[in-house]
Amino acid sequence: MSEDEREAAGEDANREARADVRLYESQLSDQGLRYDLTVPLARVAAQYDLPKYFKRYQIQPVWRADRPGKGRFREFYQCDVDVTGTSSLVAEAEVCGAVAEVLHALGFTDFKIRINHRQLLRAMMHHAGIDVAHEAAALVAIDKLDKVGHGGVLEELATRGISTEAANKLMMLVLTADGEQLFGFDLNQIAEGPKTPIKRVRKQITDELGLKALAELEELFDLLAATPAGPHIQLSLDLARGLGYYTGSIFEIAVPDLAGSLGGGGRYDNLVGMFGKKQVPAVGFSLGLERILVVMEERGMFPNLSIGPDVLLCWMEGTSRVEALRVAHSLRRQGVKVEVFPEEAKLGKQLQYADAPGVKAPVAAIVGGEELKAGQVTLKHLASGSQERVALEGAGEAVRALLRQ
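Residue numbers (my numbering): 2 to 406.
Given below as structure tokens:
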């Protein structure tokens, strides 16, 4: 084959490959990995007759086309809790309270639940003179305030076609009201009371939807005070949440040593209606499992759990393997983790194995002919060398007493 023929064949192969790619793209264009657990829930709520006030939790993997980094993964588990069928702010209070209780149980004490309202954000943009066509772009920019700072947000607003005057007016409202900083306002550290920041914002807002949103936030803060979330509430006027389906209150969990959030959520009253004829109000909160694990690992929050046995069962000459297994089973029924030395060997060799890597059994249970006749077992505390003979029934408590030494 000549060089020209090889080039022509190569071009033909490339054309065929490109045609295959286009074919597969057209066939797979409506396929994708699950982005979150909220949209699937909305589809179920639209398709089936669920109980009027339906509560559910769901833990499953989701996928994102993110650039991997600390606390940022392309595949991760979301832990969701949602309530459908009610517009009552009690639902918001309950999902926030549930998430706070989970974080308390894991050992977190310094987290903040940042709260804002989508309609308040729109009112703020209207006040600043930002038209509806630029609202989505402005929301994306505002949401980056904690990452890129005041100047970075102003720069992004400019690149998205928002005038300098409107951008400055919006940022002044996000950051201050009546000269008081409102970015990240810890409601529980305000001497005048947790509703004071809302009163300051109200002076700047005339939009009817914005005033309604402020009233909802006031009511929500009252309700949250009665839940485990109460001490962790933070009004954050920069919080926007990137997902477009939120319609009301929005939340995010922040901790000092993670640039992103541990989770977030909000109210999405119109999402179910996109998949059917009925409108079903809903609200939910989602925790990112892997992000929580990253922070817990860095903080040393995991307990030092023993993976080895509590007891190594040693059996003397004259004791059959059948008898040794019966003793081991009796101890296990009493809640003791037991490893049986599998071969016939001198007692010294068996005790030496108790200290081997991956075993590290603190107690040896020694069984010989005398113990079997008396229905007893000898327990040896290997660190101190002390030992005692106890009845096999009830030996579990004796083992636990030795483990506490």
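From the three backbone atoms N, C-alpha and C, an ideal C-beta is built for every residue, glycine too.
Remember, predicted model here, so these are calculated numbers, not experimental data.
Asked	Found
For Ser-321, which option in Glu-299, Gln-205, Glu-345 and Val-256 has the closest C-alpha, if you only look at C-alpha atoms?	Glu-345
Using CA coordinates, which residue listed in Ser-387, Arg-73, Glu-372 and Ser-88 is at the minimum distance from Glu-318?	Glu-372
Once DSSP output is grouped into helix, strand and coil, what is the label at Ile-199?	helix
In the DSSP assignment, the beta strand (DSSP E) including Lys-381 goes from what residue to what residue?	377 to 382
For the beta strand (DSSP E) holding Pro-62, just list the boundary residues, first then last.	55 to 64
Mind checking which residues open and close the alpha helix (DSSP H) that includes Gln-351?	348 to 354
Is any non-hydrogen atom of the ligand ZN found closer than 7 Å to the C-beta of Leu-348, if you look at the structure I gave you?	By its list of ligands, the structure shown contains no ligand whatsoever, and the ligand ZN lies outside what it can speak to.
Out of curiosity, what's the CA-to-CA distance linking Pro-282 and Ala-46?	10 Å
Whole-angstrom Cβ separation of Val-400 and Leu-380, contact assumed at under 8 Å?	6 Å
Would you kindly report the start and end of the unbroken beta strand (DSSP E) that includes Lys-113?	113 to 118
Below 8 Å on the Cβ atoms is my contact criterion, and I expect Val-295 with Lys-71 to pass it. Report the Cβ-Cβ distance as a whole number of Å.	7 Å
Would you call the CB atoms of Ala-292 and Leu-259 closer than 8 Å?	According to the sequence as given, residue 292 is Arg; it is not Ala. Contact: yes.
Three-state secondary structure (DSSP) at Arg-68?	coil
Do Leu-403 and Ala-43 come within 8 Å of each other at the CB atom, strictly closer than that value?	no
For Ala-329 and Ala-357, what's the separation of their Cα atoms in angstroms?	20 Å
Suppose contacts are defined by Cβ-Cβ distances below 8 Å. Is Ala-101 in contact with Leu-221 by that definition?	no
Figure out for me which residue from Arg-115, Val-63, Asp-83 and Trp-64 has the closest Cα to the Cα of Pro-232.	Arg-115
For Asn-117, count the other beta carbons within 10 Å of its own beta carbon; 16 or more makes it buried, fewer makes it exposed. Which is it?	buried
Near Val-96, which residues of its chain fall below 8 Å by C-beta distance, leaving aside the five closest residues on each side in sequence?	Val-82, Asp-83, Val-84, Gly-266, Val-284, Gly-285 and Phe-286
Taking buried to mean at least 16 other C-beta atoms within 10 Å of its own C-beta, is Gln-235 buried or exposed?	buried
Within its chain, find whatever has a CB closer than 8 Å to the CB of Gly-274; leave out the 5 residues flanking it on each side and keep chain order.	Ala-47, Gln-280 and Val-281
Only counting runs of 3 or more residues, tell me where the beta strand (DSSP E) segments fall wholly within the stretch 279 to 367, in order along the chain.	283 to 289, 312 to 316 and 339 to 341
Alpha helix (DSSP H) containing Leu-224: first to last residue?	209 to 225
Measuring alpha carbon to alpha carbon, tell me which of Gln-353, Leu-393 and Ala-375 ends up nearest Gly-386.	Gln-353
How is Ile-143 classed by DSSP in three states: helix, strand or coil?	helix
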